[in-house]
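Here is the structure we will look at, set down as structure tokens.
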Amino acid sequence: MKKLNLVAAFHLGVAAFLAVCLVPVKTYAQSTVRTIKQSQVSGSTAKLQKIKVWNGSGVSISFYEVLEMVKRVWIDDPSQVLIDTDGCLEGIDQNCQNSSAGLLHLRRIKKVPVPGLPQTSATLLTVITQTASGSRKVYHFQVTPSNSRPEYSQVSIISDKPSSLVTRPRLSPLVQTINTIKQIRVGMRVAISNGLLSSSDELHNRIEQFLTHFQAGEQMPTAALQAGVSLKLVNKLIELGQI
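According to the numbering used here, the sequence shown holds residues 246 to 488 in order.
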């Protein structure tokens with residue numbers, strides 16, 4: 246009888262385990278991207294947008310959708326939040342000649358005492374971006390460390406224009422695009438042979454991403470922004486490829 250009870254208990258345990266495993270994933274699924282329109286966070290109609298950062302769950306702020314390049318970043322209280330980018334930033338990275346970041350990543354850390362810095366529960370993040378035409382925009386966010394369950398992993402800044410009205414980049418003439426890609430690839434080989442570039446570098450991967458976007462029909466500035474490389478670098482590779 247005792248053996249039968251153990252067997253029954255075992256089968257009940259297996260059934261309970263399978264019941265948990267077979268719960269539809271959609272029960273727990275949630276959107277990981279939070280969108281904010283430009284007018285809500287930049288300009289005369291903007292309101293201070295709050296962004297939460299959780300333990301073990303960083304948050305990215307993306308400017309890819311609006312095709313803007315991040316030029317400068319300030320966070321008033323760096324004692325709890327670290328900032329990383331997908332490209333270099335002038336004034337922060339010593340070897341950065343031309344900022345090429347389109348995305349910021351915020352990561353919460355254990356609070357570090359900073360002499361003279363007041364104790365606050367939230368801090369102000371200021372971001373300066375530059376459009377393809379060269380104009381600059383200012384964005385402000387209130388960053389708050391949170392101990393609740395993560396609600397999103399990315400904040401995407403989007404245009405106020407309806408998607409149907411957004412002008413898509415015009416396709417470059419096929420012949421011109423092919424010739425430019427050939428020049429860039431020759432320039433990459435020259436840079437590698439001169440020790441200026443390595444095929445195992447992250448930069449090499451970004452250049453390949455740029456070529457993929459460019460070959461797909463994106464305009465050069467757009468492709469460079471999406472891949473996280475600077476136009477100055479692209480033009481230098483074209484120059485090397487013409488030698």
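Idealized CB from N, CA, C, for every residue including glycine.
Rounded to whole angstroms, the gap between the alpha carbons of Ile437 and Val431 is 10 Å. For Thr425, the three-state secondary structure derived from DSSP is helix. For Gln285, the uninterrupted alpha helix (DSSP H) segment begins and ends at Gln283 to Val286. DSSP places Arg317 in the strand class (E or B) of the three-state scheme.
Between the alpha carbons of Ser302 and Ala472 lies a gap of roughly 24 Å. If you draw a straight line from the Cα of Val383 to the Cα of Arg352, it is about 22 Å long.
For Ile306, the three-state secondary structure derived from DSSP is strand.
Residue nearest to Tyr309 within the set Lys481, Gly486, Ser366 and Leu470 is Leu470 (criterion: CA-CA distance). Your pair Leu362 and Ile306 does not check out as a contact, with CB atoms roughly 23 Å apart and the cut at 8 Å. Straight across, the Cα-Cα distance linking His385 with Ile320 is about 10 Å. Rounded to whole angstroms, the separation of the alpha carbons of Ser366 and Arg434 is 51 Å.
For Arg451, the enclosing alpha helix (DSSP H) has its first and last residue at Glu447 to Gln460. Taking Asn343 as the centre and dropping the five residues before and after it, the same chain places the C-beta of Ser475 and Lys477 closer than 7 Å to its C-beta, in chain order. Pro390 sits in a strand when the DSSP states are folded into three classes. Boundaries of the alpha helix (DSSP H) harbouring Gln471: Met465 to Ala472, taken from the DSSP string.
Between Gln283 and Ser404 the beta-carbon gap is near 6 Å, inside 8 Å, which marks them as a contact.
Look at Ala346 here: in three-state DSSP terms it is strand. Here Val278 is bridged, per DSSP, to Gln399.
DSSP links Lys297 through a beta bridge to Thr389. Distance from Val278 to Val315 at the Cβ level is roughly 18 Å; contact not present, criterion being Cβ atoms closer than 8 Å. If you compare the alpha carbons of Ser289, Ala461, Lys481 and Trp299 with that of Ile423, the shortest gap goes to Ala461.
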